[in-house]
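>
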Amino acid sequence: MECEWKPDEQGLQQILQLLKESQSPDTSTQRSVQQRLEQLNQYPDFNNYLIFVLTKLKSEDEATRSLSGLILKNNVKAHYQNFPNGVSDFIKSECLQNIGDSSPLIRATAGILITTIASKGELQNWPELLPKLCLLLDSEDYNTCEGAFGALQKICEDSAEILDSDVLDRPLNVMIPKFLQFFKHSSPKIRSHAIACVNQFIISRTQALMLHIDDFIEASLTLP
Numbered sequence: 001m002e003c004e005w006k007p008d009e010q011g012l013q014q015i016l017q018l019l020k021e022s023q024s025p026d027t028s029t030q031r032s033v034q035q036r037l038e039q040l041n042q043y044p045d046f047n048n049y050l051i052f053v054l055t056k057l058k059s060e061d062e063a064t065r066s067l068s069g070l071i072l073k074n075n076v077k078a079h080y081q082n083f084p085n086g087v088s089d090f091i092k093s094e095c096l097q098n099i100g101d102s103s104p105l106i107r108a109t110a111g112i113l114i115t116t117i118a119s120k121g122e123l124q125n126w127p128e129l130l131p132k133l134c135l136l137l138d139s140e141d142y143n144t145c146e147g148a149f150g151a152l153q154k155i156c157e158d159s160a161e162i163l164d165s166d167v168l169d170r171p172l173n174v175m176i177p178k179f180l181q182f183f184k185h186s187s188p189k190i191r192s193h194a195i196a197c198v199n200q201f202i203i204s205r206t207q208a209l210m211l212h213i214d215d216f217i218e219a220s221l222t223l224p
């Protein structure tokens with residue numbers, strides 16, 4: 001986008017109020033909130049507000065910010081094909097910039113959004129996603145590495161077949177050796193992500209894994 005989108009302050013306050021009300025246990029309030037959310041979906045930049053609350057509104061509590069992201073996830077599932085390009089590009093950019101948020105809840109929500117967009121057939125239309133996530137694995141910042149791995153694990157689970165196809169120019173040829181490097185990582189959580197990513201391709205005897213089977217066996221035998 002040529003210039004970064006900025007929210008209208010009044011609109012932002014209305015959406016924050018709606019997010020607060022949606023956490024009410026009262027069923028009639030919940031119903032009212034649901035109706036208003038559906039109405040707001042008619043406005044193209046409503047989803048910009050939701051990603052803005054998740055990634056930029058650090059003054060809000062994490063529960064409200066994460067809820068904003070989860071509502072956006074539902075909108076992606078239901079209406080993504082109707083999102084204007086400027087809106088989808090803004091959401092993608094913000095998710096990648098915040099995949100390493102210091103809050104586990106916020107970075108997990110960003111990861112859920114990334115994988116939901118990817119599952120809508122967007123791996124083909126978001127060519128920089130997999131290279132960027134793999135690059136972030138090398139970050140010295142634990143949160144960034146863990147957030148990127150969380151997203152990659154879900155993509156491997158959801159899109160194993162297309163990852164091993166010519167449609168995406170066989171990214172597993174790069175990804176599998178990368179994942180194997182992390183079998184020796186000092187963090188159990190990172191090791192767990194790496195193992196889970198590779199495990200998706202064992203049963204199908206994926207070509208990329210078979211090419212590195214000796215490295216895989218060695219890495220498995222030397223797991224800390």
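Reading the sequence shown from the start, the letters are residues 1 to 224 in UniProt numbering. Every residue gets a Cβ at the ideal spot worked out from N, C-alpha and C, and that includes glycine.
Is residue 6 buried or exposed, if buried means 16 or more other CB atoms sit within 10 Å of its CB?
By one-based count along the sequence shown, residue 6 stands at place 6. So residue 6 counts as exposed.
> Residue 15: buried (16+ other C-beta within 10 angstroms of its C-beta) or exposed?
As a first step, residue 15 is located in the sequence shown; it is residue number 15 there, counting from the start. So residue 15 counts as buried.
> Just to check my reading of the structure: residue 185 and residue 150 have Cβ atoms closer than 8 Å, yes? What is that Cβ distance to the nearest angstrom?
Locating residue 185 in the sequence shown gives position 185, counting from the first residue. Locating residue 150 in the sequence shown gives position 150, counting from the first residue. With 8 Å as the limit, residue 185 and residue 150 do not qualify as a contact, their Cβ atoms being about 14 Å apart.
> As an exercise, report each continuous beta strand (DSSP E) stretch of at least 3 residues that is fully enclosed by the segment 85 to 153, in chain order.
As far as the segment 85 to 153 is concerned, it has no whole beta strand (DSSP E) run of at least 3 residues.
> Once DSSP output is grouped into helix, strand and coil, what is the label at residue 48?
Counted from its first residue, the sequence shown places residue 48 at position 48. Three-state result, residue 48: helix.
> What would DSSP say about residue 211, mapped onto helix, strand or coil?
By one-based count along the sequence shown, residue 211 stands at place 211. Here residue 211 sits in helix by DSSP.
> Throw me the rounded Cβ distance for the residue 168 and residue 123 pair, which I believe falls under 8 Å.
The count along the sequence shown starts at 1 and reaches residue 168 at position 168. The count along the sequence shown starts at 1 and reaches residue 123 at position 123. Contact flag correct, Cβ pair sits at about 6 Å.
> What is the DSSP secondary structure of residue 165, counted as helix, strand or coil?
Here residue 165 is taken as the residue at index 165 of the sequence shown, counted from 1. Correct three-state label for residue 165: coil.
> Near residue 79, what residues of its chain come up, given a Cβ to Cβ distance below 8 Å and the 5 sequence neighbours on each side ignored?
For the purposes of this step, residue 79 is identified with residue 79 of the sequence shown, where counting begins at 1. Same-chain partners within the cutoff: 41.
> Can you tell me the Cβ-Cβ gap for residue 201 and residue 160, rounded? I've got them flagged as a contact below 8 Å.
If you number the sequence shown from 1, residue 201 lands on position 201. If you number the sequence shown from 1, residue 160 lands on position 160. Residue 201 to residue 160, Cβ: 6 Å. Contact.
> My understanding is that residue 59 touches residue 106, with C-beta atoms under 8 Å, so please give their C-beta distance in whole angstroms.
If you number the sequence shown from 1, residue 59 lands on position 59. If you number the sequence shown from 1, residue 106 lands on position 106. About 13 Å separates the two Cβ atoms, so there is no contact after all.
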